[in-house]
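Residue numbers for the sequence shown follow our numbering, beginning at 185 and rising by one.
Even for Gly, the Cβ is constructed at its ideal location relative to N, Cα and C.
The structure presented is a predicted model; accordingly, all values stated were derived computationally and were not measured.
Encoded as structure tokens, the structure appears first; notes follow it.
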Amino acid sequence: MYLKRIRSLIVYALFLTSYLSFAQKDFQGKAYYETKVTLDMDNFGGGNLSEERKKQIADRMRSRLEKTYVLTFNQFESLYKEEEREGSNSPGWGRFGMSGNMAQGPQYKNIKASKLLQESDLFGKQFLIDDALPEFEWKLESETKTIGEYLCFKATTVKKVPEGMFGFGRRSREGDRPQENEDREREITVTAWYTLQVPLRQGPGDYWGLPGLILEINEGRNAIYCSKLVLNTNEISDIEKPSKGKKVNKQEYDAILKKKMTEMREMYRRDGGRDRRR
Numbered sequence: 185m186y187l188k189r190i191r192s193l194i195v196y197a198l199f200l201t202s203y204l205s206f207a208q209k210d211f212q213g214k215a216y217y218e219t220k221v222t223l224d225m226d227n228f229g230g231g232n233l234s235e236e237r238k239k240q241i242a243d244r245m246r247s248r249l250e251k252t253y254v255l256t257f258n259q260f261e262s263l264y265k266e267e268e269r270e271g272s273n274s275p276g277w278g279r280f281g282m283s284g285n286m287a288q289g290p291q292y293k294n295i296k297a298s299k300l301l302q303e304s305d306l307f308g309k310q311f312l313i314d315d316a317l318p319e320f321e322w323k324l325e326s327e328t329k330t331i332g333e334y335l336c337f338k339a340t341t342v343k344k345v346p347e348g349m350f351g352f353g354r355r356s357r358e359g360d361r362p363q364e365n366e367d368r369e370r371e372i373t374v375t376a377w378y379t380l381q382v383p384l385r386q387g388p389g390d391y392w393g394l395p396g397l398i399l400e401i402n403e404g405r406n407a408i409y410c411s412k413l414v415l416n417t418n419e420i421s422d423i424e425k426p427s428k429g430k431k432v433n434k435q436e437y438d439a440i441l442k443k444k445m446t447e448m449r450e451m452y453r454r455d456g457g458r459d460r461r462r
């Protein structure tokens with residue numbers, strides 16, 4: 185108990201020192217994040233594919249799904265944007281894994297104003313999501329680990345995600361009725377690792393609200409890792425707010441997305457799940 189208290193005092197002193205240091209200057213920086221996905225290929229293709237073929241498909245999917253992002257930030261604002269790959273003209277698969285149909289653009293967060301702006305291309309139509317920042321009920325844990333040169337603390341929260349978020353779902357036996365779980369939500373535990381050495385309440389994607397910059401996120405089969413952190417660089421320009429697209433709030437956008445996903449599932453069923461390129 186005594187050692188734990190001493191440790192807490194050291195952590196608090198570290199946080200206070202970092203905070204006072206950053207508060208005295210116009211603090212800014214860039215964090216580079218890599219996304220990783222764990223694919224379950226056991227039953228892919230009805231279990232009829234060879235291991236070599238599964239590996240080929242998995243490698244191709246990872247090349248599409250795994251990306252690099254840059255989080256440009258100051259004390260209150262941030263812009264999270266995909267870093268374009270050299271020689272790639274593809275708009276990307278975004279977080280849905282459907283090339284050319286859904287692409288997530290730059291995302292702006294202002295923690296002082298609780299403001300979120302997100303550009304999104306949905307089936308060729310541009311939207312601008314304009315809403316308040318999502319609220320996360322973070323549970324601060326005592327576990328620590330080092331990421332690069334930064335001491336990080338663990339935090340967890342519970343998040344609801346749609347059952348069919350990453351695909352169309354399996355066909356029903358009748359072929360024309362949606363499965364029961366297609367519109368359900370499930371809860372997943374999200375684990376974050378944040379550092380008090382950068383006492384900003386920012387993080388990758390939608391995530392924010394911890395007493396330090398989030399350097400790692402693990403949510404289900406997806407993970408986001410900070411690979412590089414540059415602080416107080418003079419090369420950073422003003423953070424530009426996304427402005428392109430039809431303005432909608434998050435609830436309106438999710439309703440449009442749900443409708444489009446339902447239409448795609450029905451189209452897939454009518455086609456019998458066949459590959460149209462044949």
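Put residue i into one of helix, strand or coil per three-state DSSP.
i: T446; result: helix
i: Y409; result: strand
i: E319; result: coil
i: A297; result: coil
i: L441; result: helix
i: R370; result: strand
i: L394; result: coil
i: L335; result: strand
i: L249; result: helix
i: K428; result: coil
i: E267; result: coil
i: Q302; result: strand
i: Q386; result: coil
i: L435; result: The amino acid occupying residue 435 in the given sequence is Gln; Leu does not appear at that position. Q435 falls in the helix class under three-state DSSP.
Could you work out which residue in the options is closest to residue i when comparing CA atoms only?
i: I331; options: R454, M445, C410; result: C410
i: V254; options: T340, G389, F307, S427; result: G389
i: F320; options: E327, L335, T340, K412; result: T340
i: R368; options: L441, G393, K344, K265; result: K344
i: G387; options: N294, E267, Q288, L249; result: N294
i: L249; options: I423, Q288, E424, C336; result: Q288
i: K444; options: G308, E371, P426, L394; result: G308
i: E424; options: L335, L394, L441, Y292; result: Y292
i: K220; options: I401, E267, L415, G429; result: I401
Use the C-beta contact count for residue i: other C-beta atoms within 10 angstroms, 16 or more gives buried, fewer gives exposed.
i: M451; result: exposed
i: A297; result: exposed
i: L300; result: buried
Our contact map puts residue i next to residue j with C-beta atoms below 8 Å; I'd like the distance itself, whole angstroms only.
i: W377; j: K329; result: 7 Å
i: A215; j: L335; result: No, A215 and L335 are not in contact; Cβ-Cβ is about 16 Å, not under 8 Å.
i: K251; j: P290; result: The Cβ separation is near 13 Å, so there is no contact.
Next on the checklist: Below 8 Å, how does it come out for the segment 257–266 and the segment 371–381: are there three or more Cβ pairs, yes or no?
Outcome noted: No, the segment 257–266 does not touch the segment 371–381.
Item to check | Given 8 Å, three or more beta-carbon pairs between the segment 300–318 and the segment 397–415 | outcome: The segment 300–318 makes no contact with the segment 397–415: fewer than 3 CB pairs, one atom from each, lie closer than 8 Å.
Next on the checklist: Could you check whether the segment 435–453 touches the segment 295–312, counting it as contact only if at least three pairs of C-beta atoms, one from each stretch, sit closer than 8 Å?
Outcome noted: Yes, the segment 435–453 is in contact with the segment 295–312.
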